[in-house]
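First to last, the sequence lines map onto chains A and B. Residue numbers 20 to 132, in the working numbering, belong to the letters of the first sequence in order. Residue numbers -16 to 97, in the working numbering, belong to the letters of the second sequence in order. Every residue, glycine too, gets a C-beta built ideally from N, C-alpha and C. For reference, the structure discussed in these notes is given below.
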Amino acid sequence: GESVGLHLPTLSVQEGDNSIINCAYSNSASDYFIWYKQESGKGPQFIIDIRSNMDKRQGQRVTVLLNKTVKHLSLQIAATQPGDSAVYFCATPGTGANSKLTFGKGITLSVRP
Amino acid sequence: NAGVTQTPKFQVLKTGQSMTLQCAQDMNHEYMSWYRQDPGMGLRLIHYSVGAGITDQGEVPNGYNVSRSTTEDFPLRLLSAAPSQTSVYFCASSYGHSGANVLTFGAGSRLTVL
């Protein structure tokens, strides 16, 4: 089945710096990827998604990069703020008619003042 | 819009007790699902439903039952709680009949089984 993994469990960055959160996936046929943010005590919230026909997609202060060759995607957060402190998940439904979102284990982003 | 509403937010049970976690959404989403979140394990799918009257098992269904009598509601039942079911439970929904779309999550229900 599909497996999704985040490279490091925790990431600490200085406020104002850029953050890069990485994620690897196992199924080369996966064609859709989603990033979620989960603040303490809350449910995951959608940040941004990307389909495999794109290499890059930008949102407000966030950019997702997809490298299909090495099955890797990253979430970049510009000018990281204290409110960005959270757990970040990548997810993909994999392929097939009965596909469901599979989530990575999550990485905790801590922003130092 | 309220989105996805889960009740209760917190619950403590004794081993062997039963209870139901409630989930309701007001977005007219066809797809609904339950996940559990444990430290170091990420989010794991328990059960899901692609529409009223249709349910199916996810990755970790043992010890849980679900039903979907209406589009809006998708309760999760624990028939005989076990300490291994101590977890945070999230209900999530999405448009369409597939689990491959962006999910909207509830705020979670934290369950402790003693």
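Skipping 5 residues on each side, what residues in its chain have a beta carbon closer than 6 Å to that of residue i?
| i | result |
| --- | --- |
| Gly41(B) | Leu28, Ile29, His30 and Tyr31 |
| Leu84(A) | Lys75 and Ser93 |
| Thr54(B) | Ala35 |
| Asn86(A) | none |
| Gln0(B) | Ala64 |
List, in chain order, every chain B residue whose beta-carbon is nearer than 9 Å to that of residue i.
| i | result |
| --- | --- |
| Lys56(A) | None at all; the shortest Cβ gap to chain B is about 11 Å. |
Between residue i and residue j, which are expected to be in contact by the criterion C-beta below 8 Å, what is the C-beta distance as a whole number of angstroms?
| i | j | result |
| --- | --- | --- |
| Ile39(A) | Trp54(A) | Going by Cβ atoms, the distance from Ile39(A) to Trp54(A) rounds to 12 Å, so no, they are not a contact pair. |
| Tyr72(B) | Leu4(B) | 6 Å |
| Asn37(A) | Thr99(A) | 7 Å |
| Val96(B) | Thr(-2)(B) | 6 Å |
| Met2(B) | Leu61(B) | 6 Å |
Starting from the C-beta of residue i, find all residues in its chain whose C-beta is less than 8 Å away, skip the five residues before and the five after it, and write them out in chain order.
| i | result |
| --- | --- |
| Lys(-8)(B) | Ala90, Gly91, Ser92 and Arg93 |
| Val81(A) | Trp54, Ile66, Ile67, Leu94, Gln95, Ile96 and Ala97 |
| Thr111(A) | Glu21, Val23, Tyr44, Asn46, Ser49, Tyr51, Phe52, Ile53, Leu120 and Thr121 |
| Pro132(A) | Glu34 and Pro101 |
| Ser52(B) | Ala35 and Gly36 |
List, in order along the chain, the chain B residues whose C-beta lies closer than 7 Å to that of residue i?
| i | result |
| --- | --- |
| Tyr107(A) | Within chain B, no residue comes near Tyr107(A); the closest Cβ sits about 12 Å away, beyond 7 Å. |
Note down, in chain order, every chain A residue with its Cβ under 8 Å from the Cβ of residue i.
| i | result |
| --- | --- |
| Val85(B) | Ile53, Phe65 and Asp68 |
| Gly91(B) | Gly60, Lys61 and Gly62 |
| Asp(-7)(B) | Residue identity differs from the one stated: residue -7(B) is Phe in this sequence, not Asp. None at all; the shortest Cβ gap to chain A is about 11 Å. |
Taking residue i as the query, report the chain A residues whose CB atoms sit under 9 Å from its CB, ordered along the chain.
| i | result |
| --- | --- |
| Gly82(B) | Pro112, Asn117, Ser118, Lys119 and Leu120 |
| Gly41(B) | Lys119 |
Residue i versus chain A: which residues are under 7 Å apart at the beta carbon?
| i | result |
| --- | --- |
| Phe73(B) | Gly62 |
| Phe57(B) | What Phe57(B) touches in chain A: nothing, since even the nearest Cβ is about 15 Å away. |
Among residues of its own chain, excluding the 5 on either side of residue i, which ones have a beta-carbon nearer than 7 Å to its beta-carbon?
| i | result |
| --- | --- |
| Gly82(B) | Tyr14, Ser16 and Tyr31 |
Check whether the Cβ of residue i sits closer than 7 Å to any heavy atom of the ligand FAD, and report yes or no.
| i | result |
| --- | --- |
| Gly41(B) | Inclusion of the ligand FAD in the displayed structure is not the case, the ligand content being empty and no account of it being possible. |
Quick one, which residues of the segment 9 to 38 of chain B are near chain A if we go by CB-CB under 9 Å, in chain order?
-> Taking 9 Å as the Cβ-Cβ cut-off against chain A, the residues of the segment 9 to 38 of chain B that qualify are Ser16, Tyr18, Gln20, Gly23, Met24, Gly25, Leu26, Arg27, Leu28 and Tyr31.
What runs of the beta strand (DSSP E), each 3 residues or longer, lie entirely inside the segment -13 to 13 of chain B?
-> Complete beta strand (DSSP E) runs here, min 3: -13 to -10, -7 to -4 and 2 to 8.
Using Cβ-Cβ distances below 9 Å, what residues of the segment 31 to 48 of chain A are close to chain B?
-> none
Whole runs of the beta strand (DSSP E) within the segment 42 to 80 of chain A, excluding any shorter than 3 residues | 51 to 57, 64 to 70 and 75 to 77
Name, going along the chain, the residues of the segment 75 to 108 of chain A whose beta-carbon falls closer than 8 Å to a beta-carbon of chain B.
-> Phe108
Residue ranges of each beta strand (DSSP E) within the segment 24 to 68 of chain B, 3 or longer = 25 to 34, 37 to 40, 47 to 49 and 59 to 61
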